[in-house]
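In full-length UniProt numbering, the protein residues as written are 1 to 694.
For each residue, glycine too, the CB sits at the ideal point set by N, CA and C.
Predicted model, so just to flag it, every value in this text is computed and none were measured.
Below you'll find the structure, written out as structure tokens, and then a few comments.
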């Protein structure tokens, strides 16, 4: 009697529309799964075309090429004698669905469309797909001719069904369905499904991994069963980093854990588990058994195949393990670093350039690049041939082996301190010392000549010379002079990114990195088209508070002692004149609020969906020990005025690594107007009325 099953799941670094590469990675995962004895292999959501195709899903080409890849998989000997579960879009009766295609030995067993679509935050699945709304209903799907020629099938089952093998029953969920309040695994489990599968396209958010793990374990804690989760990993073409964490759970406990961050394009988890453990676990849950006796049964697709072997008494099975979670500082060190590596190798550029100011934000960005170099050297040391090949191509040396992170950093990372007459020697020294410690190729330059030239043009045209406020100028003049400096730094950053390697006699160009944090973007404390305007920004979704903790982590783990003085210095833009040789301008004074307050405003605005009045009502309770209601009202009004005045800047925000659920990224995540009535007259009047009552 077969009772021990061996199943495989995987995390694949798929890339939107990279059908060639996606197919190769799917094949590799199947080969690894079979070599470890697995009889079932699960892959990530929409793995054939890549999850992030966006409006390319509308194109018939995407459907055509997905079926062409499926044809290659079906006809290959590599997919024989293992149930393969792959993801792709499918058009059924002129309606597009997000589907799992499950096949065995050149026969498609079932096409299972997604029932609950992800449509919040970064997800827009309802834009491209329709949810399958016919519960426990199966229809005939007429296969394209290229598939018919391989399978010999004209039609296959399409709909909400489960697979009944010789020894067990399997049911599929797709990503969002695990998070839904009426997850299919609940009633599937009551109907006798013993193995649940979930193919995900789930992205990284700081402190989110535990929620996913808890959901998977809780799915089988009450109902018993085996739960297998696959996930996309890496950057597949936009702001998101899909963070792997493939896992296998049984009866509420994790038995196999995949990595959350790694440079491996293909990671396969295999577990051998005893079905009798599921049956005995369920047997004593009387409430479950009473509910099961009344459940509406699922259509079953019979499969003449077993996941177990007849003689398996002596086969060892997997034991529960304790899931190890990364700290937020580790997540910042690893997630954006892996995202940068994917972006660098897939953009086919030769490295990065960062305007390094000597402040916390640009220093944190530099540390993330340094962490990337660490990850590359570690992957090569562990025998990752893909990473080695990419590193050699990037540095244009076919014999190169990255062994020392500092030496590799010198080849791929250029930092540039752009001084002006308003810059202090302290920030110059901090930037230089940090560059030395991480090994970057460092440039010192002065922008005063360019600033004077630009302002000179204005003076020639108008006959007027603007002055800083400390020299008697108006606030308009002072702000304009600050913005000129900031924008010239952006122009110079791109010039040096294009030509620095040329000047060094090396091929290629550099990607410009931005370093505006999520709180500054929310407040609009940045110059439009300054150094925040870059190719990509690895910290654009991370708060100032988390970045400070990350800097401390780098001091301790990378021994970057230069960061100590950077940590202790007050954040400053250094755009206004020095006073007695010392910096007089600070970020928090300029903003009229602290970074800690900004994080609170951001979470209330986006996550708690609070407008001005609701935010005021929440904060008078949260801050009752430190602020009067009138002070809270003043703070809330100031935040919303500044937020709305500067919202237009979000429309041109550099694509940033998404790490926080209160990100103000206008392009995909935070869809709001950028032309506001900044007086908020009705809303603020409600606040004033409440303040007077209090």
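Cβ-Cβ distance between residue i and residue j below 8 Å
| i | j | result |
| --- | --- | --- |
| residue 369 | residue 408 | no |
| residue 98 | residue 146 | no |
| residue 233 | residue 244 | yes |
| residue 657 | residue 241 | yes |
| residue 160 | residue 132 | yes |
| residue 518 | residue 478 | no |
| residue 524 | residue 647 | yes |
| residue 4 | residue 197 | no |
| residue 619 | residue 632 | yes |
| residue 56 | residue 17 | yes |
| residue 142 | residue 130 | no |
| residue 204 | residue 659 | yes |
| residue 356 | residue 435 | yes |
| residue 281 | residue 249 | no |
| residue 246 | residue 10 | yes |
| residue 62 | residue 44 | no |
| residue 364 | residue 558 | no |
| residue 359 | residue 427 | yes |
| residue 213 | residue 251 | no |
| residue 605 | residue 662 | yes |
| residue 26 | residue 47 | yes |
Rounded straight-line distance, which links the Cα of residue j to that of residue i
| i | j | result |
| --- | --- | --- |
| residue 140 | residue 58 | 23 Å |
| residue 456 | residue 438 | 39 Å |
| residue 222 | residue 362 | 48 Å |
| residue 64 | residue 40 | 26 Å |
| residue 215 | residue 239 | 25 Å |
| residue 488 | residue 637 | 33 Å |
| residue 135 | residue 193 | 16 Å |
| residue 335 | residue 271 | 26 Å |
| residue 117 | residue 177 | 8 Å |
| residue 452 | residue 423 | 15 Å |
| residue 311 | residue 33 | 21 Å |
| residue 195 | residue 649 | 49 Å |
| residue 297 | residue 313 | 32 Å |
| residue 686 | residue 379 | 57 Å |
For residue i, three-class secondary structure by DSSP
| i | result |
| --- | --- |
| residue 7 | strand |
| residue 106 | coil |
| residue 145 | helix |
| residue 99 | strand |
| residue 134 | coil |
| residue 196 | strand |
| residue 676 | coil |
| residue 263 | coil |
| residue 258 | coil |
| residue 315 | coil |
| residue 45 | coil |
| residue 539 | coil |
| residue 76 | coil |
| residue 662 | coil |
| residue 83 | strand |
| residue 54 | helix |
| residue 155 | strand |
Reference residue i, options the options, closest by Cα
| i | options | result |
| --- | --- | --- |
| residue 449 | 460, 418 and 237 | 418 |
| residue 590 | 109, 399 and 482 | 482 |
| residue 416 | 456, 366 and 322 | 366 |
| residue 348 | 507, 472 and 399 | 507 |
| residue 207 | 325, 291 and 282 | 325 |
| residue 35 | 617, 73 and 80 | 80 |
| residue 304 | 570, 317, 485 and 104 | 104 |
| residue 535 | 351, 551 and 520 | 351 |
| residue 302 | 162, 327 and 212 | 162 |
| residue 73 | 385, 101 and 61 | 101 |
| residue 602 | 562, 621 and 644 | 644 |
| residue 320 | 306, 253 and 686 | 253 |
| residue 486 | 474, 516 and 511 | 516 |
| residue 393 | 92, 360 and 346 | 346 |
| residue 693 | 567, 641, 655 and 630 | 630 |
Contact with chain B by residue i, beta-carbon distance below 8 Å
| i | result |
| --- | --- |
| residue 287 | Among the chains in the structure shown there is no chain B, since it carries only a single protein chain. |
Exercise. Which full runs of the beta strand (DSSP E) of 3+ residues lie inside the segment 269-312, going along the chain?
Worked result: Complete beta strand (DSSP E) runs here, min 3: 300-302.
Problem set entry | Segments assigned alpha helix (DSSP H), at least 4 residues, entirely inside the segment 416-448 | Runs of the alpha helix (DSSP H) inside the segment 416-448: 425-438.
Exercise. Unbroken alpha helix (DSSP H) runs of length 4 or more, entirely within the segment 345-419: which are they?
Worked result: Runs of the alpha helix (DSSP H) inside the segment 345-419: 360-381, 385-395 and 405-412.
For this session: Please go through the segment 180-240 and give each complete alpha helix (DSSP H) segment of 4 or more residues, from N-terminal end onward.
Result: Every alpha helix (DSSP H) stretch that sits fully inside the segment 180-240 and reaches 4 residues is listed by chain position as 184-190 and 209-221.
For this session: Identify every run of the alpha helix (DSSP H) within the segment 555-628, keeping only runs that are complete inside it and at least 4 residues long; order them along the chain.
Result: The alpha helix (DSSP H) runs of length 4 or more contained entirely in the segment 555-628 are, from start to end of the chain, 563-568, 587-591, 595-606 and 612-622.
Problem set entry | Ranges of the alpha helix (DSSP H) found wholly within the segment 446-532, counting only runs of at least 4 | Listed in chain order, they are 448-462, 475-503 and 518-523.
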